[in-house]
Amino acid sequence: MSFQGTGRVGGTGPNANMAASLDDDFEFNNQDYYSLLNVRKEATLEELKASYRRLCMLYHPDKHRDPELKSQAEQLFNQVHQAYEVLSDAHSRAIYDIFGKKGLEVEGWEVVERKRTPAEIREEYERLQREREERRLQQRTNPKGTISVGVDATDLFDRYDEDFEEMPGGGFPHIEINKMHISQSIEAPLTNSDTAVLSGSLSTHNGNGGGNINMTVRRVTSAKGWGEVEFGAGDILGPLIGLKVFRNVTPRCFLTAQCGLQFSPRGLRPSCSLMTARHLDQNTMGYLQWRWGPNSAMTTSLVRDTKSSHFTLALQLGVPHSYLMMSYQYKFQDEDQTKVKGSVKTGWFGTVVEYGAERKISRHSVLSATVSIGVPQGVTLKIKLARASQTYLFPVHLTDQLLPSAVFYATVGPLLVYMAIHRLIIIPYSQAQKEQELELQRKSSATDIAKKKQEAESAVLLMQESVRRIIEAEESKMGLIILNAWYGKFVSDTSQKQDKAKVIDVTVPLQCLVKDSKLILTESSKAGLPGFYDPCVGEEKSLKLLYQFRGVMHQVISADTDSLRIPKQSHRIESES
33 MSFQGTGRVG GTGPNANMAA SLDDDFEFNN QDYYSLLNVR KEATLEELKA
83 SYRRLCMLYH PDKHRDPELK SQAEQLFNQV HQAYEVLSDA HSRAIYDIFG
133 KKGLEVEGWE VVERKRTPAE IREEYERLQR EREERRLQQR TNPKGTISVG
183 VDATDLFDRY DEDFEEMPGG GFPHIEINKM HISQSIEAPL TNSDTAVLSG
233 SLSTHNGNGG GNINMTVRRV TSAKGWGEVE FGAGDILGPL IGLKVFRNVT
283 PRCFLTAQCG LQFSPRGLRP SCSLMTARHL DQNTMGYLQW RWGPNSAMTT
333 SLVRDTKSSH FTLALQLGVP HSYLMMSYQY KFQDEDQTKV KGSVKTGWFG
383 TVVEYGAERK ISRHSVLSAT VSIGVPQGVT LKIKLARASQ TYLFPVHLTD
433 QLLPSAVFYA TVGPLLVYMA IHRLIIIPYS QAQKEQELEL QRKSSATDIA
483 KKKQEAESAV LLMQESVRRI IEAEESKMGL IILNAWYGKF VSDTSQKQDK
533 AKVIDVTVPL QCLVKDSKLI LTESSKAGLP GFYDPCVGEE KSLKLLYQFR
583 GVMHQVISAD TDSLRIPKQS HRIESES
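For the sequence shown, our numbering gives the first residue as 33, with consecutive numbering after it.
This is the structure in structure tokens:
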């Protein structure tokens, strides 16, 4: 893994402020202009004009004499006009595509030249985002911590029952915590290019322990490199002074050099290491490392990381350990980011085989379990929980020998426990959290929903006359008639008992969109169509239609964001049913 140096840190001025204000408010009140005009996001100017003219004819205030309808028509007419004005202008459209409606309301776009292309505007936005992220990093202390608790559970499988069966408590296995390690670090930005890192750790093993504290100051010297100086002290090894330098040699190659001087009770202990890495292709890195000191070694490794897998091959020649290691990890393309992994490592110390799995159990938590089988190390089960920047490790040593029973329980036990916890705790908790978030979202958007509902009802009233004419024209040629249409959340046979249908009738709005016996809906949420609104904010929605074409009944159910084109032969309902 490489640490890439960064250039100028922290952006100021109108562009940075503009990016900051854009990310704070990208919520429900961001109307979809494409959905309102019912056009594709790649729609040409001619397609925009055609849709705009049609909606203008429908909502033009001069077509309505009733004062209330005239006022409602004027409001909807202005919305359509605004959508057309934005999408028909290449500059405004590029801003809207990136930032949404909020982006058009933010001051600061005057600094972005109108002659810029949409691609250049997107690059400007991404640059502003990077600068904002850098400022956010500066404002955080970025705490990182690790807690490791080693458990000796060998008495579960290696008991001396014959010798100790008469001892008090002999009927229960003796399980103890034999080692612990705690480490923590925080970062403190000093300037735009300087950062201080304070870290410390405490360790104990079989009653003996120690600790150390380190202070590191890192400076970003340029876009190609950085350097850091480290000062440390401990109760066992003594004071430490170290220096580390990183440099991008070429766009595909980087170099890291490190040296240190340890003032131990046995005298000065110097150390030095040099590592170079190169991108062999888009997904493959090659590493070569030389290390001199107490554990001198030469290591070379090959790492290939793709969307679906991660492969590592490493060879080390050194004193006291030399080894060959190969590992493979497969990444499932699921919502929980499940991974299964396996590795083999052999050297002067023996041979170790490891296999395990990793899965995301919540938004910020990842749980993994690994079984390690080694000669002469024995069998160890390693449980790891990573939550945000904190890591919790629980290595459980089961046996010093290769016992099939230990391997079996180390493999099956965690799997059964996880399945039980996942079903009894994680799933109910996640559902409760999701329902709570939905409820908060509903409350926060209640005013907007009421407004959208009123606008949709007004639009339906304005459509009545046009729909009557469209139906007469379609009936005269046995064309497309929308008999019933519903939009929202439907309850199926497999739905939970407490689920309720949340749908609205959209027969009139869809019939109004019929032209030449065809209805075409683009790939966007239908909630933005004229006469529609969102009846269940934050939940999955679909569109259900029952229509007649050439005197034959048809029916179709479409997902909210899927495109839809009717009539189709596949929607036809057989006469028997």
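Even glycine gets a Cβ: it sits at the ideal position worked out from N, Cα and C.
* Rank Ala82, Ala329, Ser375 and Arg501 by C-alpha distance to the C-alpha of Leu345 and give the top, closest one. => The residue with the shortest Cα to Cα distance from Leu345 is Ser375.
* To do: Please state if the CB of Lys73 and the CB of Gln84 are separated by a distance shorter than 8 Å.
  => In the sequence as presented, Gln is not what sits at residue 84; that position holds Tyr. No.
* Do Met495 and Cys568 have their CB atoms nearer than 8 Å? -> no
* To do: Tell whether a beta-carbon distance below 8 Å holds between Ile179 and Tyr387.
  => No, they are not a contact pair.
* For Gly379, the first and last residue of its enclosing alpha helix (DSSP H) -> Where Gly379 is concerned, there is no enclosing alpha helix (DSSP H), although the beta strand (DSSP E) it sits in stretches over Lys371 to Gly379.
* **Neighbourhood of Trp258 by C-beta distance below 7 Å, restricted to the same chain and skipping five residues each side** => The residues are Gly37, Arg250, Arg251, Val252 and Phe278.
* Asked: Can you list, in chain order, the stretches of the alpha helix (DSSP H) that have 4 or more residues and sit fully within the segment 518-596?
  -> Correct list: 539-544.
* **Beta-carbon proximity list for Gln343, same chain, < 6 Å, skipping 5 on both sides** => In the sequence on display, residue 343 carries Phe and not Gln. Arg336 and Tyr360.
* To do: Rank Thr431, Met212, Asp537 and Lys414 by C-alpha distance to the C-alpha of Gly574 and give the top, closest one.
  => Note that residue 574 corresponds to Ser in the displayed sequence, not to Gly. Among Thr431, Met212, Asp537 and Lys414, the Cα nearest to that of Ser574 belongs to Asp537.
* To do: May I have the straight-line CA-CA distance separating Lys133 from Gln114, to the nearest angstrom?
  => Answer to the nearest angstrom: the Cα atoms are 11 Å apart.
* To do: Indicate whether Tyr565 and Ala478 have their beta-carbon atoms separated by less than 8 Å.
  => no
* Just the Cα atoms here: how many angstroms apart are Thr332 and Thr316? -> 14 Å
* Asked: Does DSSP put Phe109 in a helix, a strand or coil?
  -> helix
* Asked: Phe364: buried (16+ other C-beta within 10 angstroms of its C-beta) or exposed?
  -> exposed
* Apart from the five residues on each side of it in sequence, which residues of its chain come closer than 6 Å, Cβ to Cβ, to Lys529? -> Because the pLDDT of Lys529 is 46, which lies under 50, any placement of that residue in the model is unreliable, and the number read from its coordinates should be weighed accordingly. Contacts found: none.
* Going straight from the alpha carbon of Ile605 to that of Arg597, what length do you get? -> 17 Å
* In whole angstroms, what is the alpha-carbon distance linking Thr186 and His429? -> 6 Å
* Asked: Within 10 angstroms of its Cβ, does Ile405 collect 16 or more other Cβ (buried), or is it exposed?
  -> buried
* Measure how close the beta-carbons of Ala491 and Pro541 come, nearest whole angstrom, since I'm counting them as under 8 Å. => 7 Å
* Asked: So Leu512 and Lys550 are in contact, right, with Cβ under 8 Å, and what is the actual spacing, rounded?
  -> Between the beta-carbon of Leu512 and that of Lys550 there is about 7 Å, and that keeps the pair under the 8 Å contact cut.
* Distance, Cα to Cα, Asp56 vs Ile130? -> A caution first: Asp56 carries a pLDDT of 43, below 50, which makes its placement in the model unreliable, though a value can still be read off. Rounded to the nearest whole angstrom, the C-alpha separation of Asp56 and Ile130 is 15 Å.
* Asked: Would you call Phe204 buried or exposed, if buried means 16 or more other Cβ atoms sit within 10 Å of its Cβ?
  -> exposed
* **Environment of Asn244 [buried if 16+ CB atoms lie within 10 Å]** => buried
* Asked: What is the DSSP secondary structure of His603, counted as helix, strand or coil?
  -> Secondary structure at His603: helix, using DSSP grouped into helix, strand and coil.
* Measure the CB-CB distance between Thr308 and Cys285 and report whether it falls below 8 Å. => Thr308 places its beta carbon less than 8 Å from that of Cys285.
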